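> The C-terminal residue of the sequence shown carries number 307 in our numbering, and the numbering is unbroken.
Think of the CB as a built atom: it goes at the ideal place given N, C-alpha and C, for glycine as much as any other residue.
What you are looking at is a predicted structure, and each value in this text was computed from that prediction instead of being measured.
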Amino acid sequence: MRFSERVVLVTGGARGIGAGCCRVFAKEGAHVAVVDRDASAAETLARSLTGNHTAIVADVAVEDQIRAAVDRTIATYGRIDCVINNAGVHPPDTPLEKMAPEKVMDVLRVNFLSTYAMCYYALPHLKNTRGTIVNISSMTAVLGQRNSTAYAASKGAQLSFTKSLALECADFGIRVNAVLPSNVDTPLMRDWASSLPDPEAALSRIAALQPIGRMADVEEIGRVCLFLATEDSSFITGQGLHVDGGASLDY
Ligand SMILES: NC(=O)c1ccc[n+]([C@@H]2O[C@H](COP(=O)([O-])OP(=O)(O)OC[C@H]3O[C@@H](n4cnc5c(N)ncnc54)[C@H](O)[C@@H]3O)[C@@H](O)[C@H]2O)c1
Numbered sequence: 057m058r059f060s061e062r063v064v065l066v067t068g069g070a071r072g073i074g075a076g077c078c079r080v081f082a083k084e085g086a087h088v089a090v091v092d093r094d095a096s097a098a099e100t101l102a103r104s105l106t107g108n109h110t111a112i113v114a115d116v117a118v119e120d121q122i123r124a125a126v127d128r129t130i131a132t133y134g135r136i137d138c139v140i141n142n143a144g145v146h147p148p149d150t151p152l153e154k155m156a157p158e159k160v161m162d163v164l165r166v167n168f169l170s171t172y173a174m175c176y177y178a179l180p181h182l183k184n185t186r187g188t189i190v191n192i193s194s195m196t197a198v199l200g201q202r203n204s205t206a207y208a209a210s211k212g213a214q215l216s217f218t219k220s221l222a223l224e225c226a227d228f229g230i231r232v233n234a235v236l237p238s239n240v241d242t243p244l245m246r247d248w249a250s251s252l253p254d255p256e257a258a259l260s261r262i263a264a265l266q267p268i269g270r271m272a273d274v275e276e277i278g279r280v281c282l283f284l285a286t287e288d289s290s291f292i293t294g295q296g297l298h299v300d301g302g303a304s305l306d307y
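(1) Report the start-end ranges of each beta strand (DSSP E) in the region 60-142 that is 3 residues or longer and not cut off at the edges.
(2) Between E224, P151 and L236, which has its C-alpha nearest S193's C-alpha?
(3) Are A272 and G301 touching if we call contact CB-CB under 8 Å?
(4) Does the distance from the C-beta atom of G187 to that of I122 stay below 8 Å?
(5) Closest to G107 by C-alpha separation, out of H87, Y177 and T286, would be which residue?
(6) Using the Cβ count rule (16 or more neighbours within 10 Å means buried), how would you classify Y176?
(7) Who are T188's beta bridge partners in DSSP?
(8) Whose CA, out of A226, L182, E158 and N191, lies closest to the CA of Y172?
(9) Please name the residue or residues paired with V240 in a DSSP beta bridge.
(10) For R58, is the beta carbon positioned less than 7 Å from some heavy atom of ligand 1?
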C-alpha cells in the first residue's frame with residue numbers, strides 16, 4: 057500500500073488515462089478525488105473503486121471550478137498529496153490555415169491553462185504534505201504532430217511549465233514531473249479511429265508506431281504516475297518521462 061491514507065486529485069479522472077490513474081492509486085490505498093466535467097462517468101468511476109473516494113464535477117477550462125475542486129478535496133480529506141493534471145482534448149486533425157486563432161485558446165485553456173491554475177490553487181496544500189505534481193503531456197510536446205499545432209503547442213507548454221515549476225518547488229520539497237505517452241488505448245483514441253473509414257486498420261497502424269508493437273494500456277501510464285508520486289522517484293524532478301514503447305526512438 058504505497059499511497060495509504062494519502063490523497064490524489066486526478067483531473068479527467070472519469071475515463072481513459074485518468075481512470076487508469078484512479079484505479080492504480082486506489083489499489084495502493086489512496087483516497088481519490090475524481091475530477092471530471094462528466095458527472096455520471098465520474099460518479100460511476102468513483103463508486104467502482106474500493107475505499108473512500110469522491111467524484112467532483114468540474115470543467116477545468118473554468119478557473120473557479122478548479123479552485124472549487126481543490127477546496128472540495130481539502131474539505132473532504134484535509135490534505136492533497138498528489139495532483140495529476142490529466143484532463144485534455146485533442147481536436148480533429150486540422151491544418152493551421154483552417155484553424156482560427158480563437159480556437160487555439162479553447163485547446164490551451166483545457167490542456168495547459170488548467171494545469172497552471174490547478175497548480176496555483178493546490179500549491180499551498182502540497183507545501184503542507186511535501187507532495188508531488190504529475191502532468192500528462194505527450195510525445196508530441198517534443199516531436200511535434202502534423203495538423204495538430206495547437207495540441208502539440210499545449211503539450212509543449214505543459215512540459216516547459218513542468219521544468220520551470222520544478223525549479224520553483226524544489227525548496228518546498230515538492231517534485232514536479234511530466235509523463236509523455238505516445239499512443240494509449242483510451243476512448244479518445246477509439247473515438248478518433250471510429251471517425252475514419254477503417255477504424256481497425258487505423259488502430260493497427262497506431263499500434264505499429266511503437267517498437268513494442270502495441271499501444272499502452274491506461275494502467276501502465278497510471279503506474280508511472282504512481283512511481284512519480286512516491287518516494288521510489290525521490291531524486292526525480294522537472295523531467296518529461298517518455299512512456300512510449302520506444303516510439304520516440306523510431307519516429
Ligand atoms: N490517448 C493517448 O494516446 C494520449 C497520448 C498522449 C497524451 N495523452 C493525454 O492524456 C490525457 C488523457 O487522454 P485520454 O486519451 O485518456 O482522453 P479521454 O478523452 O479518453 O479522457 C479524457 C477525460 O478528461 C475529461 N475532460 C476533458 N475535458 C475536460 C474538461 N474541460 N474539464 C474536466 N474534464 C475534462 C473527459 O470527460 C474524460 O473523462 C490528455 O491530456 C491527452 O492529451 C493521451
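According to the structure data:
(1) Listed in chain order, the complete beta strand (DSSP E) runs (minimum 3 residues) inside the region 60-142 are 63-67, 87-92, 110-113 and 138-141.
(2) Residue numbering aside, residue 193 sits at position 137 when the sequence shown is read from its first letter. The shortest Cα separation from S193 among E224, P151 and L236 belongs to L236.
(3) The residue given as residue 272 occupies position 216 in the sequence shown. The residue given as residue 301 occupies position 245 in the sequence shown. Their beta carbons are under 8 Å apart, which means A272 touches G301 by this criterion.
(4) Your numbering for residue 187 matches position 131 in the sequence shown. Your numbering for residue 122 matches position 66 in the sequence shown. Taking a C-beta distance under 8 Å as the contact criterion, G187 and I122 do not qualify as a contact pair.
(5) The residue you call residue 107 lines up with position 51 of the sequence shown. For the residues H87, Y177 and T286, the minimum Cα distance to G107 belongs to H87.
(6) Counting from one through the sequence shown, the residue named residue 176 turns up at place 120. By the Cβ neighbour-count rule, Y176 is exposed, with fewer than 16 other Cβ atoms within 10 Å of its own.
(7) By one-based count along the sequence shown, residue 188 stands at place 132. Looking at the DSSP assignment, T188 forms a beta bridge with C138 and R231.
(8) On the sequence shown, position 116 is the one that residue 172 refers to. Minimum Cα distance to Y172 is reached at N191.
(9) The count along the sequence shown starts at 1 and reaches residue 240 at position 184. V240 has A272 as its beta-bridge partners, per DSSP.
(10) Along the sequence shown, read from residue 1 onward, the residue named residue 58 stands at position 2. No; taking the cut-off as 7 Å, the Cβ of R58 has no heavy atom of ligand 1 nearer than that.
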